[in-house]
Amino acid sequence: MRTHQPTFAEFFAGIGLVRLGLERAGWRVAFANDIDDKKFRQYDAHFGDAHEHFRLGDVHALDAVDMPTVDLATASFPCTDLSVAGGRRGLNSGESSAFWGFHRLLVRMGDRRPRLVMLENVVGFLTSHGGADFAQAMRALSDLGYSVDPFVMDARWFVPQSRPRLFVVGELGGPRNADCSESRTRPGQLTRFIREHPEIAWGLRALPEPPMRSSNSLRDILDELPADDAAWWSPDRVAYLYGQMSAKHQSWVLQHVDRGAWSHGTVFRRVRVQADGTKRSMGELRVDGVAGCLRTPKGGSGRQILFQTGYGEMRARLLTPHECARLMGADGFRVTGSLNDALFGFGDAVCATVIEWIATHRLNHPAQRIHEST
């Protein structure tokens, strides 16, 4: 018996990594939208079919009449105003208010609205404005007839990158269930929120235990660049970065610099308040085999630096676009444009391997059940 191939619309598509993960799990794209022309060009360079279904423009300007009927709509709406870095302006301000453009389309699609929706954002969405923003979004979906199932996933369970994210799967007319116990996918902060908001149409489903950690470490995703490659920083620049590190991190470097093997870590620059009250740019080194969360390179501090030491040397360079692709579960992604364009594309994206896992363990079954009932 041939099974139905479910379809999806990808809002805030960026370079298309949600699509990449869903397609691995048997889904077919029917529509995509993003406002960023550079990300659109990267999307099309990789997939080659954007002319068939990609609508470039503001989600607020889309017309529900033009939306195809699909099984699933995904919305990785901007996190800018929900994160600490973005000042926590909230769901009703700035870029993060794009959620309401997505919601408006669901409202206006009426009987054609997708039976499944999936939201993705930073974990800070749960606590933005004391939880009021998340509650408002969940009530908005509940009022449209969706039961909502929130859970947390971290990319580090699948790839060597720390990237915790909050997901919500909504099922139109789905079963109600608010019984939950604390777990990795539903940590205490989330289970408390669920219990404190019985007015929301919770539709929790049991999830299998995700992997504890990726089988790969940072060194496994690195490109082997020759010592004279232009990507490597000058010795003076490396020494300056070393000087920005704390005494603890400098000690780690000194313990590994003369070993007969390369040791790797990643560095982000952060402005930290010192004991005397002054502010100082610090190079914060991470050496657990996991990269920090990829970010967009706004202002320079979001660029993640590879630090490599051994054989009496210290080396440093930015992560390459292909390394970023591997950290996002998108090895082989066709990278185009400038380095900055690629870093923006991957820094704003969703880990494709996480999406594949969610599709396999949370979306595929209800999608097939919905098809069989129609």
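Every number in our numbering is 792 more than the matching position in the sequence shown, counting from 1. Beta carbons: idealized from backbone N, C-alpha and C, even for Gly.
- Shortest Cα-Cα distance from Leu1155 to any of Leu999, Ile986 and Ser1043 involves Leu999.
- A contact between stretches requires three or more CB pairs, one per stretch, nearer than 8 Å, and the region 985-997 fails this requirement with the region 1052-1066.
- Of all alpha-carbon atoms in His1153, Phe950, Arg1109 and Ala1083, the one lying nearest the alpha-carbon of Ala1023 is that of Arg1109.
- Between Thr977 and Met945 the beta-carbon gap is near 7 Å, inside 8 Å, which marks them as a contact.
- When rounded, the separation of the alpha-carbon atoms in Val810 and Asp1068 is 46 Å.
- Secondary-structure assignment with DSSP links Thr799 through a beta bridge to Arg820.
- Rounded to whole angstroms, the gap between the alpha carbons of Arg820 and Pro1027 is 49 Å.
- Within a 10 Å sphere around the beta-carbon of Ser868 sit 16 or more other beta-carbons, which makes this residue buried.
- Annotated three-state conformation of Asn1008 is coil, per DSSP.
- As computed with DSSP, His1056 is found in a beta bridge with Gln1100.
- Contact between Ala890 and Ala801 is ruled out by a C-beta separation of about 15 Å, above the 8 Å threshold.
- Beta bridge pairing from DSSP links Trp1044 with no other residue.
- Residue range Leu1131 to Gly1139 is occupied by the alpha helix (DSSP H) that includes Asn1132.
- At a Cβ-Cβ threshold of 7 Å, Gln1096 and Gly1081 do not count as neighbours.
- Cβ-Cβ separation between Thr799 and Ala822: approximately 4 Å, consistent with a contact (criterion under 8 Å).
- By the C-beta criterion, the region 1005-1022 is judged to be in contact with the region 952-970, since at least 3 inter-stretch pairs fall below 8 Å.
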